[in-house]
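In this note's numbering, the protein residues as written are 589 to 1277. Heads up, the beta-carbon is just placed ideally off N, CA and C, and yes, glycines get one too.
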Ligand code: SF4
Ligand code: SF4
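See below:
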């Protein structure tokens, strides 16, 4: 990874008397160090990649403190790493994107939760739920419930987030239970400040090592029967009461008093949105003082019955604001209230929608509905007008703009994966469209126009495995596309090994771009080792293997067609090689800038379209989808169709030329060399030409 986190690393060094300024996820990173964490691991994924990326780059400082940092190859590996805290009083933290990462980690998490921990363990989850989420829309809450692990959902401000990291470790130790902390995208990126504390060098560390396994061998720490039966009882008989006691004594949840006798119970992470909604309804001031009492749950599991009952018993009615489905919190509160015979009316999903994000708009609507029934004396007309204004604005914009075309995400300009899909599209014109199993990663953009390839998406590294059922039932070989990140994460075993074991057929395209690119270009095991993927495949028994330069569209099409049509049985693997352009440009740009600042000659390649030759049929665009290959008005007054044009962002990847050649397009593309800081010779040649 070429991106440098110099400033972020400096902020990790802040101590007593300093003020930390920055975003939520970096505050978590700092809080881990303030809590005396011994080891940190995880797997990249938005919105928590930053935590691990910064720590990996801060390795020198981590060594000073004695903190071990591990860039794990999967979330399962990260979760298993927490096993260090089962026998030793060492604090550990791991991070990943949820729900997908938690799914991958589920096995190790179950065993960890069963055995219980001695040292505090904190799992920082990037809760990718709601608008902008890029994974299956599910909640991590279900995992907390099924394994009896505790789940924090802090109010999105830096002080609370930091405090909850510190208390999270203590809660874990007080109840011998792993603790998860979910942070929504906005909480990860919220900006703010907090009073920093000195970082704590852990008692057990890379500098202060264990002298051996525990003195006393305790079989019960192994999650293995018969110990697992006792562990299951411990969860509810000992660990749960201990956690509830800690939550109450350390006041992890917060009550904000109000003047009304109706109240709101909210997941901590939704608190900022709630205040915005209350302000809009005219029920809160700009400083957060609300007329409605609020119980903000910084710990959403376990709930404490006494705390809930105490809040509700003085209220005529309570509205639970819980994003997503099903309504775990609301159901649990309902049970508490019935058992204690608390008579306040309980509302939740009857006022709010069941699935999807609780935006300020949704909250205003839901709270207004609740108040109309239980506090009609409150004037919420400002909320109604705001909703009406928003609606009218949307309608006006719709009328003015008409139906806007969808703008799906796409590959970066010059991405090496684009030419592979151009080649696949060309071959499909000859042999027909195959079933394509897509994987998680940048290549999934090819599911959108202009490629429209990708019939299924079953998870990270799962494309080949997901083709296993389709293959035997299809007349044409199925194709699985996988990035090298997914290949190492899960694809090698779940896909390749399984295919070989079952003597499967089919075509696997591995995009070897050198990094886990979609998550921020983190390094993978093959980043610096040229033939690792090929050697691994050959070693495992793959017989048909070709490595092709992605940008050579004609060659790629030829090899792909051969893989699809050869009578040879067995798995056919094409390693499509081309470095991630995002990372390549990150390296090149500073080099070019240095050259230019020194007045040195630099040649930049750019492609262009001759507008007089362009026929305006746009087949080049349908075959490429590059954002810098677009259209402009036809300069010829006698022709109405817009012509193709290459705008300034072109990085000269060469795909335009390759496509024109491979697909025998019109001869309108030209390759130009833009010379910066030209020499005398360059100027002379220009004059002559
Ligand atoms: S990050 Fe890299 S691999 Fe992903 S779309 Fe951009 S250039 Fe392509
Ligand atoms: S050569 Fe074509 S595909 Fe490559 S960056 Fe330029 S416009 Fe885009």
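- Taking residue 1082 as the centre and dropping the five residues before and after it, the same chain places the C-beta of 1049, 1050, 1053 closer than 7 Å to its C-beta, in chain order.
- Look at residue 659 here: in three-state DSSP terms it is strand.
- With contacts defined by Cβ atoms closer than 7 Å, residue 681 and residue 653 do not form a contacting pair.
- Around residue 794, the same chain offers 654, 656 as residues with beta carbons nearer than 6 Å, after the five sequence neighbours per side are excluded.
- With a cutoff of 7 Å on beta-carbon distance, residue 857 and residue 775 are scored as near each other.
- Per DSSP, residue 1143 is not a residue of any beta strand (DSSP E); the alpha helix (DSSP H) it occupies stretches across 1141-1153.
- Close CB contacts of residue 650 within its chain, under the 7 Å cut and outside five residues either way in sequence, are with 643, 657 (chain order).
- For residue 903 and residue 938, the gap between their C-alpha atoms comes out near 18 Å.
- Under the Cβ criterion (8 Å, minimum of three pairs), the stretch 791-810 does not count as touching the stretch 741-753.
- For residue 1212, the Cβ falls inside the 6 Å cut-off from some heavy atom of ligand 2.
- For the pair residue 969 and residue 851, the Cα-to-Cα distance works out to about 19 Å.
- By the Cβ-count criterion, residue 942 is exposed, with fewer than 16 other Cβ atoms from all chains shown falling within 10 Å of its own Cβ.
- Residue state for residue 1194 is assigned as strand, using DSSP reduced to three classes.
- Contact between the stretch 778-789 and the stretch 730-740 is not established, with fewer than three Cβ pairs separated by less than 8 Å.
- Under the 10 Å beta carbon count, residue 1072 is surrounded by 16 or more other beta carbons and is classified as buried.
- Look at residue 808 here: in three-state DSSP terms it is helix.
- The stretch 1157-1175 and the stretch 1205-1221 do not touch, with fewer than three beta-carbon pairs separated by less than 8 Å.
- Look at residue 1216: its beta carbon is less than 6 Å from one of the heavy atoms in ligand 2.
- Straight-line spacing of the CA atoms in residue 1155 and residue 1032 works out to 29 Å.
- Positions of the beta strand (DSSP E) runs, each at least 3 residues long and wholly inside the stretch 664-737, are given as 680-686, 709-715 in order along the chain.
- Of the other Cβ atoms in all chains shown, 16 or more fall within 10 Å of the Cβ of residue 853; this residue is therefore buried.
- Here residue 713 is not near residue 669, since their CB atoms are 7 Å or more apart.
- Residue 632 counts as buried, since at least 16 other C-beta atoms from the protein chains shown sit within 10 angstroms of its C-beta.
- Under a 10 Å Cβ-count criterion, residue 741 is classified as buried, with 16 or more other Cβ atoms of the shown protein chains found around its own Cβ.
- In this structure, residue 1030 has its beta carbon less than 6 Å from a heavy atom of ligand 1.
- Within the stretch 746-830, the complete alpha helix (DSSP H) segments of 4 residues or longer fall at 746-763, 773-777, 815-822, listed in chain order.
- For residue 1238, the shortest C-beta to heavy atom distance toward ligand 1 is 6 Å or greater.
- DSSP places residue 629 in the strand class (E or B) of the three-state scheme.
- Secondary-structure assignment with DSSP links residue 933 through a beta bridge to 905.
- Within 10 angstroms of the beta-carbon of residue 1034 lie 16 or more other beta-carbons, which makes it buried.
- Beta-bridge analysis with DSSP links residue 740 to 769, 887.
- Looking at the backbone, the Cα of residue 759 and that of residue 831 are separated by about 6 Å.
- Put simply, of 702, 697, 1015 the residue whose alpha carbon is nearest the alpha carbon of residue 665 is 697.
- Residues of the same chain with a CB within less than 8 Å of the CB of residue 1019, apart from the 5 flanking positions on each side, are 1064, 1149, 1152, 1153 in chain order.
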